[in-house]
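Residue numbers (the numbering used here), protein chains in the order written: chain A, 1 to 376; chain B, 377 to 618; chain C, 619 to 1175. Built from N, CA and C at the ideal position, the CB exists for glycine as well. Computed from a predicted structure; not experimentally measured.
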Ligand code: HEM
Ligand code: HEM
Ligand code: NFV
Ligand code: SF4
Ligand code: SF4
Ligand code: F3S
Ligand SMILES: [Mg+2]
């Protein structure tokens, strides 16, 4: 399991030097030579030596498939830790098409190097879904399909992080009719720990938080039944929403920008999906606590939930029947069924009186007779 | 005068629904009605206006509280009925609900022909419920199950007690709360339709048979003609063992 | 004989772009641009609620996040005849400006700078000299010798760790890098600083739209009600935060981005003659100050320029059947009526058919279809869209604001107007319009305050929100000037549902494959003639391609 992710497997520079039979003095000599080589003042020697002695930063390969890159964008918006600190101090982001300097085969080579050098040690992050339609040609990088790349990179990964709704549940491109057969990661890779971090995108600090958890505690965060870290996905937005008192009081925004909206009433009736959405928005909020959808007057659209594009419309509370067109919702069907039932029962009642006339009259006769014959 | 009396059947009083079954039945009916009303309100709340502070009001909170209290009553009552299916009298036995024999199915068909298609034929007399009714109740039990699973599944995230928590696995089966809640909502319609048809049919049977069908859920008694027993004319979906 | 080289993936862009180029005598003779990822959102949108469309198309892109949502709500409002309240328009404008400020700065430092700035060489710089240089070009307070030396030490330690992360395998030391070490160090320091800065400006989106990326929009206005006497909603505190963020953003652009841009550009003036491309430019116009319907009020004027002739501005009409059309001659799609025709987006079709080589492959067959991008044309012409097009159209329209910033930049760099038609011009134009947009953002803010002060607190018109109020059939088009250029969405609504939804996106204009007549689109055309010093390290290709700021998720959608 992940707990074994520690220094033992991947030696630090110092350990490597030591193993080759050099002592600490040799090592320091090597360090000062190297610092001189890259033009560092002497005072920095100690620092460099420390950097080399401490464990290597966790290598990370971050793949991009069918995505909109909002997950990467959200990641760089993290305020604590800031992304520069993550990149320089916490992990070694050896491959990500969005930020890496190298292009083309040099980029591919960077990924290969990490896969070889840190076999079984690197974290694989995946942003985007994998199209399984038409043999995978709907997403190709360097002439390979995304599936080929994913399988290769997953093979020796320590653990996998599925960023965002795309990688965890297929997101918008997997909405009906899912023309490219966009598929989330857990359906393609088995036998590896997969951490799902859904959301479209996930909150930047949540993404950074998952990384920090891995690096700082050397273990996979505790996951819920759907594979999401409990630290961020254990509560419904509805249960952490500051508008909840209005919900409980029965005070709702009836239409956008009405008087109730100005007063900050609950957005339930204009389609808020907070009651069925697990995310940290109500607690952590977005962009370093600036706001979150509900605070800015729009209902939660359920962006971290599986299939949220097809399970009902944005502004309707009524649950619609996916696949029956947008007008059809369960209650309309129910009302029609109720009407039909009522009519059928009325028909049945009429028929009963006609077809079972004999039976009924004989019962009636019997009753009348008794009434008639009884003295009191 | 005397002769006329002879035309009248001698009725035998049969204790069909034991007290626990009657309690169960009405508790169940009340809980379901409460759940449907509050469920509707949860799905589409009324447009209320108030000058009061939100914290002074708990309208929707009460609706949910009632839903959850009714849900617990409904759930335990349901469990109790399952238990009573094994220890209760023969009319309460689980055998009367589950079509395990050819005879059961044949009888359902017979009842269907007489009650629904209204084909002419010999009157079909059951002392407990008839085969078709039994089977419909069997289906309602499945609906009860679906409703309890999805309901407590949704509730698991809010409650702290271990009991609802035991249902925490349910939403993930449907990929999350969204679909779980929709299923919970859709299957409410099954309850509504059942209740309407069921009440109608109870009245219907009382009306055309005159054996005290409606009151039987009150006092427990049905009134069956002596000849029916003498001629062995009554039916039962499955032969009781006891 | 020419030699085919392939760069795939092109990194430091959004999405999946592959360039194949034929090189002869150290120059690119022909180039092919291919988008290799598709999601088919146009198909997914069919049959859905038009009011929900903004959320779906918003997810076309998380980099120019919110632009598609803006184009979408405008498109649906156009179809349903809704005019949004002035406040909603101002809020949308402010969000638009914040997006530009974010997107352009991130592009410059994090996606483009490493084409010009040699990170490894920055380690050789003298922090004291760097500080002097920095202070000579800007008042920005963070420019002490200690500041630069701290950055340098940090990166040195990082390099010494042997784990180079995102800097691994770059083309460091390539002869085309020309900056002095000190300028490289400034670039590197500001790379890190901009990374820290960029997360702030987007808070403007969080305030009005609840989050960023992917803030919420609303057909009929915006969902963020104004409630100046309530703790919920937009009140004085929220507005004060917006103002502060916009001011700080403007400061960064004026004191960091622009001085850096000018300093770097001054060492690469030769790139004012490289990467020009087709010479046709187009802008749909944006930033209305008198309602979206009044195009004459736009801060970004609309128009088209042909053959670099900035003396004549052509009118663009998005509704006309024969103006904007999409072709698929070289794209992996089929049209029912034959693949040779061009379709106006109201009649557009998106029916995928991949005919390329079976992966894994080494080369595309560029004699046949070779991309998932369709090929848009305006009156049959290939057009370049984006910051350069906007600045040129603004310049050609004679608006003084444009004249001012453009002429000043040309004078400072001592280059002629014609140098704008180039890779350098494209990168410079992005900076220049950032300055304008940062100013305008505060203007819109002031107007919003004035409106509220005058008692107008409306934020949405919901009279036509209920589908029952809609006509049986409706068509609409909505446009926006996305950071990367002219964007428009076309919708057909039948029976309250989307019958057809088509997006024609900036990067589709620029990165598309050639058309049936063999006319090259902007990427391909501007690569032709570009020198490539080292085929193994085609830095020059990256420079020109990055100058467009590619967004492939947008382009294919
Ligand atoms: C006859 C049985 C029941 C009926 C007809 C019923 C009906 C409903 C309906 C219509 C809703 C609203 C769904 C929506 O928003 O679309 C609802 C919500 C809910 N029901 Fe039930 N329900 C029943 C039993 C139960 C049971 C046994 C539980 C167990 C705890 C339960 C728990 C819930 C919960 C947790 C919610 C969501 C409430 C919220 O999130 O505020 N229900 N129910
Ligand atoms: C929501 C409303 C109701 C529900 C859900 C309901 C449910 C049921 C169920 C589950 C049974 C089977 C009892 C058993 O053997 O375990 C049953 C039987 C019965 N119910 Fe109801 N009931 C409802 C309303 C009523 C009403 C209003 C009446 C009478 C006026 C009634 C009369 C009866 C009778 C007579 C039986 C036994 C008849 C038979 O098994 O064929 N029920 N009901
Ligand atoms: N091309 C493009 Fe966009 C932009 N700007 C959108 O319309 O980037 Ni994703
Ligand atoms: S999950 Fe959503 S936010 Fe992330 S890349 Fe996918 S579409 Fe964008
Ligand atoms: S606004 Fe949404 S999440 Fe908040 S209380 Fe209302 S329904 Fe729940
Ligand atoms: S829409 Fe997404 S951002 Fe949060 S409030 Fe809802 S989960
Ligand atoms: Mg399109």
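Per DSSP, cross-strand counterpart(s) of residue i
i, result
"residue 610 of chain B", "B/501"
"residue 943 of chain C", "C/995"
"residue 236 of chain A", "A/278"
"residue 1121 of chain C", "C/1107"
"residue 391 of chain B", "B/597"
"residue 96 of chain A", "A/62"
"residue 286 of chain A", "A/291"
"residue 435 of chain B", "Answer is none; residue 435 of chain B lacks a bridge partner."
"residue 736 of chain C", "Bridge partners of residue 736 of chain C: none, in fact."
"residue 622 of chain C", "C/640"
"residue 1115 of chain C", "C/1112"
"residue 655 of chain C", "A/139"
"residue 247 of chain A", "Partner(s): none; residue 247 of chain A has no beta bridge."
"residue 645 of chain C", "C/642 and C/1149"
8 Å Cβ shell around residue i - same chain, five flanking residues per side excluded
i, result
"residue 356 of chain A", "none"
"residue 635 of chain C", "626, 627, 628, 651, 652, 653, 654, 1129, 1163, 1168 and 1170"
"residue 620 of chain C", "640, 641, 642, 647 and 648"
"residue 444 of chain B", "531"
Sequence-distant residues of the same chain with beta carbon closer than 7 Å to residue i, five excluded per side
i, result
"residue 825 of chain C", "856, 859 and 860"
"residue 875 of chain C", "723, 726, 1049 and 1052"
"residue 1125 of chain C", "1102, 1168, 1169, 1170, 1172 and 1173"
"residue 520 of chain B", "454"
"residue 418 of chain B", "439, 440 and 443"
"residue 502 of chain B", "610, 611 and 612"
"residue 1015 of chain C", "919, 921 and 931"
Residue i classed as buried or exposed, judged by whether at least 16 other C-beta atoms fall within 10 angstroms
i, result
"residue 429 of chain B", "exposed"
"residue 354 of chain A", "exposed"
"residue 259 of chain A", "exposed"
"residue 515 of chain B", "exposed"
"residue 781 of chain C", "buried"
"residue 459 of chain B", "exposed"
"residue 462 of chain B", "exposed"
"residue 1064 of chain C", "exposed"
"residue 818 of chain C", "buried"
"residue 325 of chain A", "Low confidence applies to residue 325 of chain A: its pLDDT is 48, below 50, so where it sits in the model is not reliable, and the reading given next is rough at best. Burial call: exposed."
"residue 67 of chain A", "buried"
"residue 290 of chain A", "buried"
Spatial neighbours of residue i in its chain, beta-carbon cut-off 6 Å, leaving aside the 5 residues before and after
i, result
"residue 908 of chain C", "915"
"residue 76 of chain A", "83"
"residue 473 of chain B", "510, 513 and 514"
"residue 1118 of chain C", "1110"
Go through the residues and name those whose CB comes closer than 7 Å to any heavy atom of ligand 7, in chain order.
-> C/660, C/944, C/966, C/968, C/992, C/1120, C/1121, C/1122, C/1123, C/1126 and C/1175
Complete alpha helix (DSSP H) runs within the segment 745 to 821 of chain C (minimum length 4 residues, chain order) | 745 to 755, 763 to 778 and 799 to 819
Could you pull out every unbroken beta strand (DSSP E) segment of at least 3 residues lying fully inside the segment 1069 to 1113 of chain C, listed in chain order?
-> 1091 to 1100 and 1103 to 1112
Residue ranges of each alpha helix (DSSP H) run of no fewer than 4 residues wholly in the segment 462 to 491 of chain B, ordered along the chain?
-> 478 to 487
Completely contained beta strand (DSSP E) runs for the segment 179 to 236 of chain A, where each covers 3 or more residues | 194 to 197
At which residue ranges does the segment 812 to 890 of chain C contain complete alpha helix (DSSP H) runs of 4 or more residues, listed in the order of the chain?
-> 821 to 827, 854 to 870 and 876 to 883
Mind pulling the alpha helix (DSSP H) runs of 4 or more residues that sit fully within the segment 504 to 546 of chain B?
-> 507 to 532 and 538 to 541
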